[in-house]
Each structure stands twice: as structure tokens, then as C-alpha cells.
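*Asks:* Supplied in C-alpha cells, the structure appears directly below.
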Amino acid sequence: MRTFSDLLDHFPERILFVGLAGSRAYGTATPESDDDLRGLFALPARDYLSLSAPPAQLADERSNVVYYSLRRALELLSVANPTLLELLFLPSDCVLRTSPEMERLVAERHLFLTRQCADTHVGYARAQVKRARGQNKWINNPKPEAPPQREDHCYILARERFASQDEPPARPVPLSALGWDLSHFHAARLEHSQEAYRLYTYGEAARGVFRGDLLVCESIPKEDETTRFAGLLLFSQQAYEQELRDHRNYWQWRASRNESRWRQQERGELDFDAKNLMHTVRLLLSGRSILATGAPIVRFQGENLALLRRIRAGEMTYDEILAVVDELIAECGSLVLTSDLPPSADLGQVEALLADLTRSWEERQ
């Protein structure tokens with residue numbers, strides 16, 4: 000079993016749990032919300048003796064459906080992962096499939112309620128705040144469909160401008176400003192420089208500077224050094240590769256995003272991602288609940304639900320939301336000092352639980 004399809008089509012008996020997570024579980028769903036499914040699957044103990052490591056996580060193409068191996072789930076639970084912890088507290092109407100092993104895991108969920116939950120919930124919340132503003136740059140600065148070209152990062156210091164009397168000397172200009180075609184040139188590395196090259200013009204007889212994915216340097220005949228020298232080429236491979244990554248990430252985001260989620264930003268009504276900030280506050284409310292009551296909040300109600308919906312609807316400003324975030328972080332900091340929860344999960348107990356659950360599942364097969 001290596002793929003998501005393998006699990007569903009050929010090993011359904013390994014599925015221990017399937018639950019409806021995300022906004023459907025939290026009570027914050029809108030008519031346009033996706034259905035997020037989360038599940039657990041078991042693997043025979045012998046699979047972990049193989050040199051080929053078994054899968055820890057399987058998902059569909061958009062990660063709307065994600066299944067964790069039992070071992071991976073317990074590993075994440077042992078470090079107070081909020082996403083896995085909420086699966087142990089899902090409302091009953093969100094549980095689509097369960098098993099004796101999952102019921103045992105739910106019965107032992109107290110093992111994972113620790114003071115470390117404060118660190119993970121606050122840490123995840125801070126990451127969401129950063130992400131909320133980070134996504135905004137893509138809204139305001141969309142990338143063109145065409146990927147960047149190496150020539151976009153080329154600057155030329157033409158031979159005649161080394162000591163120009165009419166303009167400031169030795170000023171590189173963009174390649175596009177000169178209209179030079181680099182396929183008509185050869186390049187030779189400039190000594191003691193990482194990103195500068197000498198350029199020589201050969202016209203139609205040239206093999207070009209860029210060939211495929213490489214900038215290729217030539218050995219220039221001595222007699223051509225003076226007669227064919229055209230100037231210096233400055234090319235930043237690092238800047239080009241960064242722009243290429245940014246372009247790829249942008250279009251991956253465009254292909255996978257929930258369009259309804261970005262309408263407020265695209266219309267200019269908000270300058271932040273309201274959904275991410277809603278999840279920021281949700282995580283902090285749940286983390287505070289663990290420290291105060293010994294259990295996270297999954298299904299929100301009353302004032303807490305009203306607050307989350309106001310944030311999601313764009314009815315609060317960025318500064319107002321950050322004030323709520325700061326207050327909740329401070330409350331979590333105070334509560335962790337007086338909490339009687341253990342500092343972290345007992346790894347010995349978690350490992351024993353993994354062995355028991357795996358053995359139980361194998362005996363049922």
C-alpha cells in the first residue's frame with residue numbers, strides 16, 4: 000500500500016476511523032465550505048521491519064481527505080499536535096466510521112492533554128497570523144501566466160559605456176533596454192566574479208549564452224578577444240531561481256485555493272486573510288480551554304462561535320483581531336503557570352498504547 004487509492008480500493012479493512020473535520024466540525028461552515036475528512040489507518044507491525052518505510056500519511060490531490068497511519072497519529076499526538084488532538088474530541092455527528100481501536104484511543108485521550116498543548120496552540124496561532132498577511136501579497140501582486148525567463152535577470156554593461164563621456168560610466172542596463180539577442184553571443188566567465196561574464200558577438204554563427212537550463216561559457220580565441228568583445232553580462236542565477244519558485248508557488252496556490260475565500264481581498268474589502276485569522280482565534284480558544292478545563296473545544300457555540308463568524312465575515316479589523324489574539328495568548332501564558340496538567344506526554348505509555356492497538360487490530364484480521 001503506497002497511495003491513497005490503494006488504501007481505499009485494496010485495504011479498506013485497515014481504516015480505523017473516518018471523521019468530518021474542519022469547519023463542519025467547528026460549527027463555522029458556510030454554504031461554500033469544503034468537506035474535510037480525516038482518518039486513521041493501521042499497518043501490520045511487520046511493515047515497520049521492512050527496509051522500505053511504510054506510508055505515514057495518505058491524501059487526495061487537494062488534501063481535503065487525509066489519512067494518518069496509527070503510528071504517525073500517535074507520534075503527532077505525543078507532541079500535542081492540535082489537528083490530531085481534535086480528532087479525539089470530534090462531535091458524534093462528525094464521526095463517520097470508527098473501530099474498537101479508535102474507541103480505545105479516545106478512551107485514553109487524557110494521555111495527550113498536557114501543558115505542551117499551550118505551546119503548540121499558541122505557536123500554530125502565531126503562524127496563522129503571519130500567513131494571513133503573507134497571502135495578501137499574492138492578491139495584490141498576481142503573477143503572469145508565463146514563467147520568468149533568465150533574460151529577465153540579465154543586465155548589460157556595454158563596451159562603449161565603460162568610460163562614456165555623455166552618461167555616468169559603467170552603469171549596467173537591463174538586457175531588454177538594449178534589445179540584444181543572447182543567442183547571438185558567447186559568454187566567458189569573468190575572473191574573480193560569481194555572476195559576471197564577458198560577452199562576445201558572433202551573430203548567426205553563435206551557439207548562444209543560454210542552452211537549455213544552463214548558462215554555457217566558451218573558450219574565446221585570442222584573436223577574438225578584442226574584435227568581438229561586446230561588454231559584460233551580469234546574471235543573477237539566485238534571483239532567477241527565487242522568482243521561478245515564487246511563480247510556481249503562486250500558480251499552485253491559484254489552482255488549489257477556494258475561490259470564495261478570496262473574494263473579499265480581491266474586491267479590496269480586506270487586506271488580510273479573514274479565514275486564517277478566524278483559525279488563529281479558534282486555536283487559541285481551544286488551547287485556553289485545554290488549560291482551563293482539561294479538554295479542547297471542537298464544536299464552538301455561543302459567544303465564541305459568534306466571534307469566529309464575525310472574523311470570518313470580515314466584520315472586525317485586523318487590529319481588532321490582533322487585540323483578541325494578544326489577550327488570548329496572555330491568558331494561555333497565565334493558565335499554563337497554574338495548570339496541573341503534565342508537562343508533556345509520557346512516551347512510554349504512548350508506545351505501549353501503539354503496540355496494544357496494533358496487536359488488537361491484527362487479532363481481528
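Residue 139 in numbering that gives the first Met the number 0 is what sits at position 140 of the sequence shown, and the numbering runs on without skipping anything. Each residue gets a CB set at the ideal place from its N, CA and C atoms; glycine is no exception.
Helix, strand or coil for V335? Go by DSSP, reduced to three states.
*Replies:* For the purposes of this step, residue 335 is identified with residue 336 of the sequence shown, where counting begins at 1. Reduced to three states, the DSSP call for V335 is helix.
*Asks:* So, for R266: in the same chain, excluding its five sequence neighbours on each side, which residues have a beta-carbon less than 8 Å away from its beta-carbon?
*Replies:* Numbered from its first residue, the sequence shown carries residue 266 at position 267. Residue placement at R266 is flagged as unreliable, the pLDDT there being 49, under the threshold of 50; a coordinate-derived value is accordingly withheld.
*Asks:* Measuring CB to CB, does P342 end up less than 8 Å from R114?
*Replies:* Start at 1 with the first residue of the sequence shown, and residue 342 comes out as number 343. Start at 1 with the first residue of the sequence shown, and residue 114 comes out as number 115. Yes, Cβ-Cβ distance for P342 and R114 is below 8 Å.
*Asks:* Can you tell which of E330, Q237, L340 and D46 has the C-alpha that lies nearest to the C-alpha of Q193?
*Replies:* For the purposes of this step, residue 193 is taken as residue 194 along the sequence shown, with counting starting at 1. Ranking E330, Q237, L340 and D46 by Cα distance to Q193 puts Q237 first.
*Asks:* Output the boundary residues of the beta strand (DSSP E) element that contains F40.
*Replies:* Stepping through the sequence shown from its first residue, residue 40 is reached at position 41. That run of the beta strand (DSSP E) goes D35 to F40.
*Asks:* In the structure shown, what three-state DSSP assignment does Y201 receive?
*Replies:* The residue labelled residue 201 in the question sits at position 202 within the sequence shown. The answer is coil: DSSP assigns Y201 none of H, G, I, E or B.
*Asks:* Could you give the first and the last residue of the continuous alpha helix (DSSP H) run that contains I289?
*Replies:* Taking the sequence shown and counting its residues from 1, the one referred to as residue 289 is at position 290. Note, I289: alpha helix (DSSP H), A273 to T292.
*Asks:* Could you tell me the distance, in whole angstroms, from the CA atom of L84 to the CA atom of E240?
*Replies:* Translated into the one-based positions of the sequence shown, residue 84 becomes position 85. Translated into the one-based positions of the sequence shown, residue 240 becomes position 241. Straight-line Cα distance between these residues: approximately 39 Å.
*Asks:* Exposed or buried, Q364, counting other C-beta atoms within 10 Å across all chains shown (16 or more means buried)?
*Replies:* Along the sequence shown, read from residue 1 onward, the residue named residue 364 stands at position 365. Q364 should be labelled exposed.
*Asks:* From G178 to A145, what does the alpha carbon distance come to, in whole angstroms?
*Replies:* Mapped onto the sequence shown, residue 178 falls at position 179. Mapped onto the sequence shown, residue 145 falls at position 146. Each residue's Cα considered, the two are about 20 Å apart.
*Asks:* For the beta strand (DSSP E) holding R358, just list the boundary residues, first then last.
*Replies:* Taking the sequence shown and counting its residues from 1, one reaches residue 358 at position 359. It is not in any beta strand (DSSP E) - R358 instead sits in the alpha helix (DSSP H) that spans L346 to R363.
*Asks:* Which value, in whole angstroms, describes the spacing of the CA atoms of G26 and P99?
*Replies:* In the sequence shown, counting from the first residue as 1, residue 26 sits at position 27. In the sequence shown, counting from the first residue as 1, residue 99 sits at position 100. About 27 Å.
*Asks:* Tell me which residue opens and which closes the beta strand (DSSP E) that H185 is part of.
*Replies:* Start at 1 with the first residue of the sequence shown, and residue 185 comes out as number 186. Segment F184 to R188, the beta strand (DSSP E) holding H185.
*Asks:* Excluding sequence positions up to five away, which residues of its chain have a Cβ less than 6 Å from the Cβ of Y317?
*Replies:* As a working mapping, residue 317 is identified with position 318 in the sequence shown. F271.
*Asks:* Measuring alpha carbon to alpha carbon, tell me which residue in A24, G38 and L39 is nearest S32.
*Replies:* Walking along the sequence shown from the start, residue 32 turns up at place 33. If we check each option's Cα against that of S32, A24 comes out closest.
*Asks:* On the CB-based measure, 16 or more other CB atoms within 10 Å of its CB, does D325 come out buried or exposed?
*Replies:* On the sequence shown, residue 325 is found 326 positions in, with the first residue counted as 1. Counting Cβ neighbours within 10 Å, D325 comes out exposed, since fewer than 16 surround it.
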